[in-house]
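Enquirer: When you line the sequence shown up against this note's numbering, it's residues 740 to 891, in that order.
From the three backbone atoms N, C-alpha and C, an ideal C-beta is built for every residue, glycine too.
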Amino acid sequence: MNSRPKNRFGKALRLAALFLMTASLASASLTSWSMRKQCDWEFVQKVGGIEVTTVQLEDGQLGARVRFDPRGGQAITCKPGLINSPLIFDHASVHVRGDEVRIKVYTALIENGRTYPDTVVVPLPKRAHGNYRLRYENPDYSFFEMGALVVP
740 MNSRPKNRFG
750 KALRLAALFL
760 MTASLASASL
770 TSWSMRKQCD
780 WEFVQKVGGI
790 EVTTVQLEDG
800 QLGARVRFDP
810 RGGQAITCKP
820 GLINSPLIFD
830 HASVHVRGDE
840 VRIKVYTALI
850 ENGRTYPDTV
860 VVPLPKRAHG
870 NYRLRYENPD
880 YSFFEMGALV
890 VP
């Protein structure tokens, strides 16, 4: 009769431990996600600029190669005036709309065990051949005209 209460306590303890592990993993994931931030054009210029070129992918499709260093360690298109050692280039968003290619870049905080490239390649739609206006989209949906992008 005494073994039964211990067994229930043991089950409750295991369930509580499982719940706490699940909650902590979910919290870490949400924290990482919430730390991602879209950059505005002013910030992009302060950390050295951004470069967008086209590349051919292995499957024959074309992609947009986006080079960006939010740490401010490289002069990509302009001299950096701001250093951000805890920031990394998380990802880029590239969309073709009519005669323009719109781009956004996102930063995140450094995470252990993750690599930090300064270049990301985003596949372009198959119908994307042609000459486009390259525009940077700010978080407030305003745009900065970056020039032209030729997709061969």
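Please confirm whether Arg841 has its beta-carbon closer than 8 Å to some beta-carbon of chain D.
Expert: Here there is only one protein chain, and chain D is not present.
Enquirer: Mapping DSSP to helix, strand and coil, what is Leu752?
Expert: Taking the sequence shown and counting its residues from 1, one reaches residue 752 at position 13. In the structure shown, Leu752 sits in a helix (DSSP, three-state: H, G or I).
Enquirer: Given Thr793, which residues of its chain have a CB within under 8 Å of its CB, disregarding the five upstream and five downstream residues?
Expert: Position 54 of the sequence shown holds residue 793. Around Thr793: Leu801, Gly802, Ala803, Arg804, Leu863, Leu888, Val889, Val890 and Pro891.
Enquirer: Rounded to whole angstroms, what's the CA-CA distance from Tyr871 to Pro878? Just pull it up for me.
Expert: One-based indexing of the sequence shown puts residue 871 at position 132. One-based indexing of the sequence shown puts residue 878 at position 139. Distance between the alpha carbons of Tyr871 and Pro878: 21 Å.
Enquirer: If you draw a straight line from the C-alpha of Arg874 to the C-alpha of Asp779, how long is it?
Expert: One-based indexing of the sequence shown puts residue 874 at position 135. One-based indexing of the sequence shown puts residue 779 at position 40. If you take the alpha carbons of Arg874 and Asp779, they lie about 12 Å apart.
Enquirer: Would Ala847 be called buried (16 or more neighbouring beta carbons within 10 Å of its own) or exposed?
Expert: By 1-based counting over the sequence shown, the position of residue 847 is 108. Its Cβ being crowded by 16 or more others within 10 Å, Ala847 is buried.
Enquirer: So, under 8 Å CB-CB, Gln784 and Tyr845 are touching, yes? Tell me the CB distance rounded to an integer number of Å.
Expert: Sequence index remark: in the sequence shown, residue 784 carries index 45 (1-based). Sequence index remark: in the sequence shown, residue 845 carries index 106 (1-based). Not confirmed; about 16 Å, so no contact.
Enquirer: Going by C-alpha distance, which of Arg747, Arg836 and Ile827 is nearest Glu850?
Expert: Taking the sequence shown and counting its residues from 1, the one referred to as residue 850 is at position 111. Per the Cα distances, Ile827.
Enquirer: With 16 as the cutoff for other CB atoms within 10 Å, does Arg810 come out buried or exposed?
Expert: As a first step, residue 810 must be located in the sequence shown, where it is residue number 71. Buried, by the Cβ-count rule.
Enquirer: Using 8 Å for Cβ pairs, my map puts Val861 next to Val835. What's the rounded Cβ distance?
Expert: Walking along the sequence shown from the start, residue 861 turns up at place 122. Walking along the sequence shown from the start, residue 835 turns up at place 96. Rounded, the Cβ-Cβ distance is 11 Å, inconsistent with contact.
Enquirer: Using C-beta distances below 7 Å, list every residue in its chain close to Gly886, excluding the 5 sequence neighbours before and after it, in chain order.
Expert: Translated into the one-based positions of the sequence shown, residue 886 becomes position 147. These residues qualify, in order along the chain: Leu873.
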